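Taking numbering that gives the first Met the number 0, the leading residue of the sequence shown gets 0, the next gets one more, and so forth.
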Amino acid sequence: MLKYALLASGSKGNCCLIRDENTNIIIDCGSTKKYLTSCFERLSYDYLKSDALFITHTHGDHTAQTKMFNQVPTYCKTKLEINNMNVLLDFELVEINSLKIQEIPLSHDSGLCSGYVITSDNQKLVYITDAGYIKDEYLTYIINADYYIFESNHDVEMLMQTSRPMFTKQRILSDVGHLCNEDSATILAKVIGENTKEIVLAHISEQGNSMEKAKEVLLETLQHHQVNTENIKIVSAPQFEIIVGGEKL
């Protein structure tokens, strides 16, 4: 039975623990060592016993603390200068004990970038952040998951009103940037199904968005597409707060 703990999500750091009865993996390890260590302590989790570390891409907010996991088998599309490095191919399926992890290629200005679909028995979790867009033909990989940790980065109007340089705004809005609330919600409306229990809106911009706005747009979009949300828990993730979900172990 799958369980997750999202420790950090946003431009200042990203990290997520995903586990079942037999296997523990980490996706990304941004933020500070002090913060991540304190989170693991609160979860009573020994991160050095992780079965694998998966990196979505090489930006610092996803890789800052790779040294913490230097002895843990690490998987990424780009070769990192750490021990136990495994370079992933597009759509590669990796089996780590009882978990299966499917790589999904994403479009981001880091160069190579990945999303991950994690399955355990008959349960599926989708982890996708830092994507300018997602190709329609890839949606089949993420359809009807039990759990989604999914980027809803910005509101276009709010982003344009920030003091960020125009080239930064254009990068975020581009096909190698980040998913806006509307695009994120439209994709989720296409893929969630009868198995879907929880959605965590992730990588929410602290300047160009709000947690309330991201959730509001998703709910309005799902209602427009006549998607029943009565039995779906929807949460917006702050930058630094532990969000726990999934089945009880």
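Even glycine gets a Cβ: it sits at the ideal position worked out from N, Cα and C.
In this text the structure is predicted, and so the values were computed from the model without any measurement.
Next item on the list: Identify the continuous alpha helix (DSSP H) that holds Gly59 and give its terminal residues.
Entry: Counting along the chain, the unbroken alpha helix (DSSP H) around Gly59 starts and ends at Gly59 to Thr62.
Check: Given Tyr44, which residues of its chain have a CB within under 7 Å of its CB, disregarding the five upstream and five downstream residues?
Finding: Taken in chain order, the residues that qualify are Leu16.
Next item on the list: On a CA-only basis, which of Leu47, Lys2 and Ile148 is nearest Leu296? Give me that one, please.
Entry: Any property of residue 296 remains undetermined from this structure, which presents the chain solely from 0 to 248.
Next item on the list: Measure the C-alpha to C-alpha separation of Leu6 and Asp27 and round it to an integer number of angstroms.
Entry: Asp27 has its alpha-carbon roughly 10 Å from the corresponding atom of Leu6.
Checklist line | Backbone CA spacing between Ala130 and Glu240 [nearest angstrom] | finding: Each residue's alpha carbon lies about 22 Å from the other.
Item checked: Beta-carbon separation (whole angstroms), Phe68 vs Ile117, contact threshold 8 Å -> At roughly 17 Å, the Cβ-Cβ gap does not stay under 8 Å, so Phe68 and Ile117 are not in contact.
Check: Whole-angstrom Cβ separation of Phe109 and Glu102, contact assumed at under 8 Å?
Finding: It should be noted that the sequence gives Ser, not Phe, for residue 109. Contact doesn't hold; Cβ gap of about 15 Å is too wide.
Checklist line | In chain order, each beta strand (DSSP E) run of at least 3 residues that lies wholly inside the region 123-210 | finding: Qualifying beta strand (DSSP E) stretches, in chain order: 146-150 and 197-201.
Next item on the list: For Ile233, write down the residues that DSSP places opposite it in a beta bridge.
Entry: According to DSSP, Ile233 bridges with Ile198.
Margin query: 8 Å is my cut-off, CB to CB: does Gln70 come that close to chain D?
Written below: You won't find chain D in this structure, because it holds only one protein chain.
Notebook entry, point to check: Which first and last residues belong to the beta strand (DSSP E) in which Lys99 is found?
Noted result: Leu98 to Pro104 is the extent of the beta strand (DSSP E) around Lys99.
Next item on the list: Give the straight-line distance between the Cα atoms of Leu52 and Val71, rounded to the nearest whole angstrom.
Entry: Counting only the Cα atoms, Val71 lies some 7 Å from Leu52.
Checklist line | For Thr36 and Gly207, the rounded distance between their alpha carbons | finding: CA-to-CA, the gap between Gly207 and Thr36 works out to about 29 Å.
Notebook entry, point to check: Can you give the Cα-Cα distance for Ser106 and Tyr146, rounded to whole angstroms?
Noted result: In this structure, the CA atom of Ser106 is about 22 Å from the CA atom of Tyr146.
Next item on the list: Would you mind giving the Cβ-Cβ distance between Asn143 and Glu193, rounded to the nearest angstrom? I have them listed as a contact below 8 Å.
Entry: Contact between Asn143 and Glu193 is confirmed by a C-beta separation of about 7 Å, below the 8 Å threshold.
Item checked: Boundaries of the beta strand (DSSP E) in which Thr73 is found, first to last residue -> According to the DSSP assignment, Thr73 belongs to the beta strand (DSSP E) that extends over Thr73 to Cys75.
Check: Are Ala201 and Glu246 touching if we call contact CB-CB under 8 Å?
Finding: No, the pair does not count as a contact, with Cβ atoms beyond the cut-off.
Next item on the list: Report all residues from its chain with a CB closer than 7 Å to the CB of Lys232; omit the five preceding and five following residues, and keep chain order.
Entry: If we look at Lys232 and ignore the five residues flanking it on each side, its Cβ neighbours are Lys196 and Glu197.
Notebook entry, point to check: What residues in its chain sit with their C-beta under 6 Å from that of Asn23, if we drop five residues either side in the sequence?
Noted result: Taken in chain order, the residues that qualify are Ser49 and Asp50.
Margin query: Which same chain residues end up closer than 7 Å to Ile95 when comparing Cβ atoms and leaving out the 5 residues on each side of it in sequence?
Written below: The residues are Thr22, Ile24, Asp50 and Ala51.
Note to self: Rounded to whole angstroms, what is the Cα-Cα separation between Lys11 and Lys78?
What the structure shows: Each residue's alpha carbon lies about 23 Å from the other.
Check: So, helix, strand or coil for Ser37, using DSSP?
Finding: DSSP, read as helix, strand or coil, puts Ser37 in helix.
Note to self: If distances are taken between C-alpha atoms only, which option among Glu229, Leu217 and Glu211 comes closest to Asp237?
What the structure shows: Sequence check: residue 237 is Pro here, not Asp. Among Glu229, Leu217 and Glu211, the Cα nearest to that of Pro237 is on Glu211.
Next item on the list: Would you kindly work out how many angstroms separate the C-alpha atoms of Ile81 and Ile242, rounded to a whole number?
Entry: One alpha carbon belongs to Ile81, the other to Ile242, and they sit about 28 Å apart.
Item checked: Alpha-carbon spacing of Thr220 relative to Thr167, whole angstroms -> Distance between the alpha carbons of Thr220 and Thr167: 27 Å.
Margin query: Quick check on DSSP: helix, strand or coil for Glu264?
Written below: Any property of residue 264 remains undetermined from this structure, which presents the chain solely from 0 to 248.
Check: What's the gap between the Cα of Lys33 and the Cα of Lys66?
Finding: Computed Cα separation, rounded: 13 Å.
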